[in-house]
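Chains as they are written, first to last, in the numbering used here: chain F, 9 to 399; chain Z, 1423 to 1679. Scroll down for the structure; my scribbles are underneath it.
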Amino acid sequence: MQVLNFHLFPYPPLPDELYAKSAWVTLSNAHYDEKVGHATYNLYLDQLELCDQLGFDGVAVNEHHQTPYCIMPSPIVTAAALSRRTRGKIAILGSAFCLRDHPLTLAEEHAMIDNITGGRLITGFVRGIGAEYSNFGVNPTFSHERHIEAHDLVVQAWTRPGPFAFEGKHYHFEYVNVWPRPYQKPHPPIWIPSQGSSETIVWAAHPDRKYLYMQNFNPYSAAVKYLNEYRQVAEQQYGYEAQSNQLGWAAPCYVADTDEQAMDEAREAIEFLFNKTLKMPVGMFFPPGYTSIESMKRVVAGKQSIMGAGRNVENLNKQGVIIVGSPKTVRERILEAHRELGFASFMTLLQFGSLSAQRTEKNIRLFAREVLPALQAVDDRNYEGFRTAAE
Amino acid sequence: MADAKETFVTVCDCRTFVRRGGAGQPVLFLHGAGGLPGWQPFLAQLAGHYDVFAPDHPGYGQSDSPPWLEEVGDLAQFYLEFLKSFDLTGVRVVGHSLGGWIALEMAIRSTARIKSMTLLSAAGIRVKDLGPPDIFAMDPEELVRTLFHDQALIEQQLSTPLTPEQIATVTRNRMTSARLGWNPRFCNPKLRKWLRRIDVPTHIVWGDQDRIFALAYAAELQKEIAGAKVTIISGTGHMLHVEKAGAVADAVVAFGP
């Protein structure tokens, strides 16, 4: 199994009342302090570099806009800063190509990182979260169409000798002729991080793509459902056997000497992440057309007005959204999940929410020493194998 | 007061639900972004004077969602075809909010079949620094409180839960409205420069308590449309034809036979 550490680059905690409505879209950047920002960016880059030095297979970064939840609107900048100071993989999970009116700029930038690193880049394709359709002014009812079309444009730009014309509905370019082309052939590995979507799985698992599907920061039951669904779709719909390297699972981890100590030390930071910075009006989280009709009906019915509130570390840990405990506990839970699901990539998040520099470093070092080697040692021989529902 | 007959017609390959009632010269009523829940008192009163057509727009209510529906200009072309399919001429177009925007987009394309236009709190242009609030970010209660001014009406609305069918309809209406009005928010920046083409009598009717499009929009539209008349209905919000159906219907009738 390869193991990556992900970073969200959260802005340090602001006064509580600022999160009352949401950390997204409307929390004023008047509260941003550039000195705090300078220190925070460099601290987080240090943390990712430390992971690389301690033997992680790679580090991962992502993109969010106009929010202290994540002060990384451009993961390209982060990846560029890391590219000459790391040896392992750099996963951009992902870039929201479809939020851009000109996705080719991102295609160019990803290709640059891939060339600078000699092929250490992993590219993630995401749609951005609902709130980002507000702050980018992109029409959420075209989100799926633009996502697929932007993907086709970028992959063609990387693989088809140019210049050629791209004639899409949302994107139309007379000259596609990207310099540089990617270092990796045919292109960097493409990963699809998701909160869980059958539609996404059917698309990612297609024989033309076979992209890695990564189940992100959800209850473990969702990982079971969707990773098995991927294998099932491959087998039943496409007639091939999905390989374990097409599957990934992601969960924040916190390790300390004992289970109790780990829970105590993680509590405030993890609850800050889930209850403060992930809270948003449900209408903002599910703008019209962004997600399924059923989710949108809940918005209209007013049954659920706020996403993300009132979650605690015990429940999150019990559900397997996060994995908190002694090194033995954390190691065994991930190995057990691997035995059951066989994913060849695991992505953790060792700094989360308001977790301090000191605790983050302790977490990274303990995880690297006591958990990482055991995870890296397992492969398909430790996977109990896929059984369809019928068996 | 007149009742309505309900039928489906197919225009531009779109099966379209139409309510029609009354007799006389034709009126085309174009509803707003919330859809048209039924044959409202305002329509019944107009039907006492006119032959009123009140369709569900493509993408709303009981009408289909055609694949060609991408922007408000598509609905303008559709309604010009709609008038042609009924061979209507001398049509009084009455549009509320999004429907007013559709009416404006129709009129800059062709007024051949249009006798006059009444714009009720119309969308379509942007008045600088007076953009509408984000209705898509609002929860259902906040939306009702923003759309209406009449407190009794607000409380009545909030105390009546939606049926599952209504939830399904509102959800779909909301999606179509997002498609048409997400960005730029309920306006077409290129509309204003062609409002000069409008060559039919135009009546701008606004509630003085409108919290979606402030009263300043009425004056701004009047500036752009030659000879336009403005009528202000006092003590009413964005849903003026629901809140003060009688006064608004009277204003429409008084504008011209």
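Every residue, glycine too, gets a C-beta built ideally from N, C-alpha and C.
Within the continuous beta strand (DSSP E) that includes residue i, where are the two ends?
{"i": "Z:D1556", "result": "Z:D1556 -> no beta strand (DSSP E), and no H or E assigned at all."}
{"i": "Z:F1464", "result": "That residue, Z:F1464, is in no beta strand (DSSP E); its alpha helix (DSSP H) goes 1463 to 1469."}
{"i": "Z:L1580", "result": "Unbroken run through Z:L1580 is the alpha helix (DSSP H), 1573 to 1580; no beta strand (DSSP E)."}
{"i": "F:M292", "result": "Taken as a continuous stretch (DSSP letters only), F:M292 belongs to no beta strand (DSSP E), being part of the alpha helix (DSSP H) at 290 to 293."}
Name the chain F residues that come within less than 7 Å of residue i, Cβ to Cβ?
{"i": "Z:F1558", "result": "G291, P295, P296"}
{"i": "Z:T1593", "result": "I301, M304, K305, V308"}
{"i": "Z:L1584", "result": "A309"}
Are the Cβ atoms of residue i and residue j separated by less than 7 Å?
{"i": "F:C59", "j": "F:I372", "result": "yes"}
{"i": "F:P215", "j": "F:Y246", "result": "yes"}
{"i": "F:A139", "j": "F:V33", "result": "yes"}
{"i": "F:L114", "j": "F:A89", "result": "no"}
{"i": "F:S36", "j": "F:K287", "result": "no"}
{"i": "Z:F1622", "j": "Z:T1511", "result": "Residue 1622 of chain Z is actually Val in this sequence, not Phe. Taking 7 Å as the Cβ cut-off, Z:V1622 and Z:T1511 do not qualify as a contacting pair."}
{"i": "Z:H1518", "j": "Z:H1663", "result": "yes"}
{"i": "F:A242", "j": "F:A213", "result": "yes"}
{"i": "F:Y221", "j": "F:Y238", "result": "yes"}
{"i": "F:V186", "j": "F:A158", "result": "no"}
{"i": "Z:G1454", "j": "Z:L1541", "result": "no"}
{"i": "F:A87", "j": "F:I100", "result": "yes"}
{"i": "Z:E1527", "j": "Z:V1494", "result": "yes"}
{"i": "Z:A1559", "j": "F:P196", "result": "no"}
{"i": "F:Y234", "j": "F:G256", "result": "no"}
For the alpha helix (DSSP H) that residue i lies in, which residues bound it at each end?
{"i": "F:A376", "result": "365 to 378"}
{"i": "Z:V1440", "result": "Here Z:V1440 belongs to no alpha helix (DSSP H); instead the beta strand (DSSP E) covers 1436 to 1444."}
{"i": "Z:T1593", "result": "1586 to 1603"}
{"i": "Z:I1524", "result": "1520 to 1531"}
{"i": "Z:L1541", "result": "From DSSP, Z:L1541 is part of no alpha helix (DSSP H) but of the beta strand (DSSP E) over 1536 to 1542."}
{"i": "Z:P1562", "result": "1562 to 1569"}
{"i": "Z:F1504", "result": "1494 to 1507"}
{"i": "F:Q74", "result": "Premise fails: F:Q74 is in no alpha helix (DSSP H) and is neither H nor E."}
{"i": "Z:H1663", "result": "1662 to 1665"}
{"i": "F:H155", "result": "151 to 167"}
{"i": "F:H346", "result": "335 to 349"}
{"i": "F:V321", "result": "321 to 327"}
{"i": "Z:K1645", "result": "1638 to 1646"}
{"i": "F:Y141", "result": "138 to 143"}
{"i": "F:T86", "result": "83 to 91"}
Out of the options, which has the shortest C-alpha to C-alpha gap to residue i?
{"i": "F:V44", "options": "F:P76, F:A31, F:G63", "result": "F:P76"}
{"i": "Z:Y1501", "options": "Z:Y1482, Z:F1430, Z:C1434, Z:A1667", "result": "Z:C1434"}
{"i": "Z:L1617", "options": "Z:Y1472, Z:I1557, Z:G1546, Z:A1669", "result": "Z:G1546"}
{"i": "F:M355", "options": "F:I200, F:P23, F:I124", "result": "F:I200"}
{"i": "Z:M1597", "options": "F:T266, F:R93, F:Q203, F:P148", "result": "F:P148"}
{"i": "F:Q61", "options": "F:R95, F:E117, F:A250", "result": "F:R95"}
{"i": "F:T266", "options": "F:R347, F:P21, F:A365, F:V332", "result": "F:V332"}
{"i": "F:V263", "options": "F:P381, F:K336, F:P194, F:Q327", "result": "F:K336"}
{"i": "F:F351", "options": "F:N253, F:P169, F:R389, F:T48", "result": "F:N253"}
{"i": "Z:A1574", "options": "Z:I1620, Z:E1665, Z:L1450, Z:V1513", "result": "Z:E1665"}
{"i": "F:T131", "options": "F:A119, F:S142, F:I124", "result": "F:A119"}
{"i": "Z:L1468", "options": "Z:D1425, Z:V1652, Z:L1637", "result": "Z:D1425"}
{"i": "F:F280", "options": "F:T208, F:S362, F:Q55", "result": "F:S362"}
Going by DSSP, which residues form a beta bridge with residue i?
{"i": "Z:A1706", "result": "Beyond the ends of chain Z as shown, which are 1423 and 1679, falls residue 1706 of chain Z; an answer cannot be given."}
{"i": "F:T131", "result": "F:I100, F:I198"}
{"i": "F:M420", "result": "The first residue shown for chain F is 9 and the last is 399, placing residue 420 of chain F beyond what the model contains."}
{"i": "F:G204", "result": "Paired residues: none, contrary to the question."}
{"i": "F:L51", "result": "None, per the DSSP bridge assignment."}
{"i": "F:N224", "result": "F:A258"}
{"i": "Z:P1448", "result": "Z:D1473"}
{"i": "F:F2", "result": "Nothing about residue 2 of chain F can be reported from this structure: the residues present for chain F run from 9 to 399 only."}
{"i": "F:A68", "result": "F:F14, F:A99"}
{"i": "F:W187", "result": "DSSP lists no partner for F:W187."}
{"i": "F:H180", "result": "F:E175"}
{"i": "Z:F1430", "result": "Z:F1439"}
Could you work out which residues of chain Z lie near residue i, taking near to mean beta carbons separated by less than 9 Å?
{"i": "F:G400", "result": "This structure cannot settle anything about residue 400 of chain F, because the visible part of chain F is limited to 9 through 399."}
{"i": "F:S205", "result": "Per Cβ cutoff of 9 Å: no residues; F:S205 is ~18 Å from chain Z at best."}
Identify the contact partners of residue i in chain Z, using a Cβ-Cβ distance below 7 Å as the criterion.
{"i": "F:S151", "result": "Simply none; closest approach about 10 Å."}
{"i": "F:S229", "result": "The contacting residues do not exist; F:S229 stays about 27 Å from chain Z at best."}
Which bits of chain Z does residue i rub up against, with CB to CB less than 8 Å?
{"i": "F:P148", "result": "A1600, W1604"}
{"i": "F:S364", "result": "Those within 8 Å of F:S364 in chain Z number zero; the least Cβ separation is about 34 Å."}
{"i": "F:S36", "result": "Within 8 Å Cβ-Cβ: nothing; F:S36 doesn't reach chain Z, min ~16 Å."}
{"i": "F:S103", "result": "Ordered by position in chain Z, no residue passes the 8 Å Cβ test against F:S103, which lies about 21 Å from the chain."}
Please list the partners that residue i has in chain F, where partner means a Cβ-to-Cβ separation under 9 Å.
{"i": "Z:I1576", "result": "Near Z:I1576 there are no residues of chain F at all, since even the closest Cβ is about 15 Å away, more than 9 Å."}
{"i": "Z:A1590", "result": "I301, K305, V308"}
Could you list which residues in chain B have their beta carbon closer than 9 Å to that of residue i, in chain order?
{"i": "Z:I1530", "result": "No chain B is present in this structure, whose protein chains are F and Z."}
Flag residue i as yes when its Cβ comes closer than 6 Å to any non-hydrogen atom of the ligand FMN, and as no otherwise.
{"i": "F:N371", "result": "With respect to small molecules bound, the structure shown includes none, and the ligand FMN cannot be examined in it."}
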